[in-house]
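Trainee: Structure provided below as structure tokens; questions to follow.
And the structure:
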């Protein structure tokens, strides 16, 4: 734990003894902290602590999806509420996580995306702030990927995607309909609104792990396509759909 961490978090050993790294996003206002162990950190007089380690990641879904667009929108709105909440206006806000590569990736991406979308920071700037050499793999920091593979995209690439989505107005975070996305788009995402949609599936019934928002049956896709004037479907991983679909 460095001197800056002790200066920001104060002399309370319960908040500093397991601190591995403290990253300043906005001096005096916003920080990302990594601790050596999982432990809840209660608010102090000058600090508000919160974590998303258990809110946005479900190991049961790890093989299906990483953080999706809905999670990102929810985080930005949730975090913005904190920034302007009268209870926290005079406090520094500390988003904390545990010090390992898997659990550092998501908070780093979320807080980085918030900095780009709301605070209009440049992706190179926020990436240089968040880059954690402790979690480098073959020279690339914060590898994102699921399942047993040796590839992925790094934190900078993810942040740059958010920046470009804002720049080219592919996503409007202000009027994003989270409820529709949550109901329909866990397996489907509009790439260009009203023009290009990407979707996963359909999946044969025997292979379905049923759950909320899982519209993997073909009839569910077809219904949504008709409602949204989708007329052409191109399948990239096969020449045609099976006759049973």
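Residue numbers (my numbering): 71 to 315.
Virtual Cβ for every residue (Gly too), placed ideally from N, Cα, C.
Since this is a predicted model, take the numbers as computed values, not measurements.
1) Out of curiosity, what's the CA-to-CA distance linking residue 163 and residue 294?
2) Taking 8 Å as the cut-off, decide whether the C-beta atoms of residue 122 and residue 145 are in contact.
3) To the nearest angstrom, report how far apart residue 97 and residue 249 are at their CA atoms.
4) Considering only residues of the same chain and omitting the five flanking positions on each side of residue 107, which have a CB-CB separation below 8 Å?
5) Using the Cα positions of residue 269 and residue 304, report the straight-line distance between them to the nearest angstrom.
6) Quick check on this structure: which residue in 181, 301, 156 and 139 has the alpha carbon closest to the alpha carbon of residue 120?
7) For residue 283 and residue 252, what's the separation of their Cα atoms in angstroms?
8) Quick one: residues in its chain with C-beta nearer than 7 Å to the C-beta of residue 262, no 5 flanking neighbours on either side, listed in chain order?
9) Cβ of residue 186 within 8 Å of Cβ of residue 95?
10) Quick check on the DSSP output: the alpha helix (DSSP H) that includes residue 147 runs from which residue to which?
11) Pull up the DSSP beta-bridge partners for residue 259, would you.
12) Between residue 111 and residue 152, what straight-line distance do the alpha-carbon atoms span, to the nearest angstrom?
13) In this structure, does DSSP put residue 122 in helix, strand or coil?
14) Please name the residue in 118, 161, 224 and 166 whose C-alpha comes closest to that of residue 109.
15) For the alpha helix (DSSP H) holding residue 181, just list the boundary residues, first then last.
16) Have a look at 238, 118, 247 and 150 and flag the residue whose alpha-carbon is nearest the alpha-carbon of residue 140.
17) Using a Cβ-Cβ cut-off of 8 Å (strictly less than) and excluding sequence neighbours within five positions of residue 266, which residues of its own chain qualify?
Mentor: On the basis of the data shown:
1) Start at 1 with the first residue of the chain shown, and residue 163 comes out as number 93. Start at 1 with the first residue of the chain shown, and residue 294 comes out as number 224. Going by the C-alpha atoms only, they are around 41 Å apart.
2) The count along the chain shown starts at 1 and reaches residue 122 at position 52. The count along the chain shown starts at 1 and reaches residue 145 at position 75. Cβ distance < 8 Å, so residue 122 and residue 145 count as in contact.
3) Taking the first residue of the chain shown as 1, we reach residue 97 at position 27. Taking the first residue of the chain shown as 1, we reach residue 249 at position 179. Approximately 34 Å between the Cα atoms of the pair.
4) Working through the chain shown from its first residue, we reach residue 107 at position 37. Same-chain partners within the cutoff: 88 and 168.
5) Counting from one through the chain shown, the residue named residue 269 turns up at place 199. Counting from one through the chain shown, the residue named residue 304 turns up at place 234. C-alpha separation (whole angstroms): 10 Å.
6) Mapped onto the chain shown, residue 120 falls at position 50. With distances taken between Cα atoms, residue 120 lies closest to 181.
7) Along the chain shown, one-based indexing puts residue 283 at 213. Along the chain shown, one-based indexing puts residue 252 at 182. Here the model assigns residue 283 a pLDDT of 45, short of 50, so the residue's position is not dependable and the matter cannot be decided.
8) Taking the first residue of the chain shown as 1, we reach residue 262 at position 192. The answer, listed in chain order, is 240.
9) Position 116 of the chain shown, counted from the first residue, corresponds to residue 186. Position 25 of the chain shown, counted from the first residue, corresponds to residue 95. Contact: no.
10) Taking the chain shown and counting its residues from 1, one reaches residue 147 at position 77. First-last of the alpha helix (DSSP H) with residue 147: 139-154.
11) Looking up residue 259 in the chain shown gives position 189. In DSSP, residue 259 forms a bridge with 268.
12) Numbered from its first residue, the chain shown carries residue 111 at position 41. Numbered from its first residue, the chain shown carries residue 152 at position 82. Taking the straight line joining both Cα atoms gives about 16 Å.
13) Taking the first residue of the chain shown as 1, we reach residue 122 at position 52. Note: residue 122 maps to coil in three-state DSSP.
14) In the chain shown, counting from the first residue as 1, residue 109 sits at position 39. Out of 118, 161, 224 and 166, 166 has the C-alpha closest to the C-alpha of residue 109.
15) Looking up residue 181 in the chain shown gives position 111. Residues 171-187.
16) In the chain shown, counting from the first residue as 1, residue 140 sits at position 70. Residue 140 has its Cα closest to that of 247, out of 238, 118, 247 and 150.
17) Here residue 266 refers to the residue found at position 196 when the chain shown is read from its first residue. Excluding sequence neighbours, residue 266 sits near 260.
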